[in-house]
Ligand code: HEM
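Numbering (the working numbering), first residue to last: 1 to 409.
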């Protein structure tokens, strides 16, 4: 992308393997505003190809037009920023338990630890599974599904299978999914019958009580699709964002020292800036595109309806006109000026902006707060992490090797 920016300038198009039409990449905030403010734009085909078999046909991440808006309206209130306090205690408890299990005498990879933690958070706060045995079974099955579905090689095999009509690897993942569905549907049925449901605050319970504008509720199959959507959209992304932040902090001791001194003070102003800066410099999801419903003018070009266009998130985040010294990890920049709507887009934008953004930021804040209070981080890998692609995320290639020494209070 850097090379394309140098060679072609603000906007350019990329032809991805297996896709019929190219994707136009833009990075200028005005172009992104123009793209994200038109509600009628649809989704490029990539999202469905990668995710439909796992998420299901009613997923809020995949539906379009009025069907998408109806789900979005129903699902937004449970994810509203103010509500996130309800989950802080659960996240803190799980984070502290995870950190307590870290080795103290040797280096280890932090990314898999963060994956385990964010999976646990989803099972508790979103699914609300209280039965320990069911959680254990789900944990094993979901890990299998998520690991199996994340490799670039698998996506290549899917493309080949689509092209040559063979039984694809997704069929195998589907079989794993059948057992997961059984467990989720059992959970949904029990929750519907639970007389104490009014006292629960997990997201599934809230979705069970929510109604569409015509007064109807989500069906069990639809609830299953939304639960899988929240899992897939919310688990690997948050774990990866945490792993990148840990890598950056471990390699910037002065920033880590300031963060350690300031956690819990001033409404966590510095911690929030650290998270914003980490999501700027290491955006986890690189693209969040639209298929144009009407012409879009960018950089002196008129792109016709039907064109696929995406912000190149990393190119936006490294624009020198928005961010002086764009490659430096400098949270202070966000103390001076908060992130702007179309110049800072780790969660996409417009009517498809990440539904779980407030949840992710809360989770990151609580986990990082616990880490810096309990452990002294050191980088253990020889160089800063490089990027590898896992499904739709950009991930640390070597799993974020760190040493974490116990802090003496
Ligand atoms: C740091 C963590 C996360 C990142 C970087 C991230 C990023 C994104 C991005 C880029 C999109 C696409 C937005 C667009 O097309 O404009 C998205 C959509 C979505 N995310 Fe997240 N996400 C994160 C965490 C979460 C969490 C924790 C949840 C829920 C538990 C979640 C649920 C969703 C859903 C449901 C959508 C679909 C929204 C729609 O199409 O209307 N995400 N996310």
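All residues carry an ideal CB built from backbone N, CA and C; glycine is no exception.
With contacts defined by Cβ atoms closer than 9 angstroms, residue 11 and residue 34 do not form a contacting pair. In the structure shown, residue 315 adopts helical secondary structure according to DSSP, grouped into three states. Taking the Cβ atoms as the reference, residue 110 lies roughly 6 angstroms from residue 243, within the contact range of under 8 angstroms. Between the ligand HEM and the CB of residue 234, the shortest heavy atom gap is smaller than 8 angstroms. Any heavy atom of the ligand HEM counts here; residues with a Cβ closer than 6 angstroms to one of them, in chain order, are 60, 61, 72, 126, 229, 230, 233, 234, 237, 238, 241, 284, 285, 288, 346, 347, 348, 349, 352, 353, 354, 355, 356, 359 and 360. Taking the Cα of residue 82 as reference, the smallest distance to any Cα among 356, 64 and 146 is reached at 356. Under DSSP, residue 297 takes part in a beta bridge, and its partners are 302. Looking at 60, 208, 42 and 29, the one whose alpha-carbon comes closest to that of residue 232 is 60.
Three or more pairs of CB atoms, one per stretch, sit closer than 8 angstroms, so the segment 303-314 contacts the segment 22-30. When DSSP states are grouped into helix, strand and coil, residue 377 belongs to the strand group. Residue 325 counts as exposed, since fewer than 16 other C-beta atoms from the protein chains shown sit within 10 angstroms of its C-beta. Listed in chain order, the non-local C-beta contacts of residue 235 below 6 angstroms within the same chain comprise 118, 119 and 122, local neighbours out to five positions each way being set aside.
Its Cα nearest to that of residue 342, the residue 37 stands out among 98, 143 and 37. Looking from the CA of residue 224, the closest CA among 372, 57 and 274 belongs to 57. Cβ-Cβ distances below 8 angstroms link residue 202 to 124, 125, 126, 127 and 128 in the same chain, with the five nearest sequence neighbours on each side left out; the list follows chain order. In this structure, DSSP gives residue 400 a state outside helix and strand, which the three-state scheme calls coil. When rounded, the separation of the alpha-carbon atoms in residue 378 and residue 272 is 21 angstroms.
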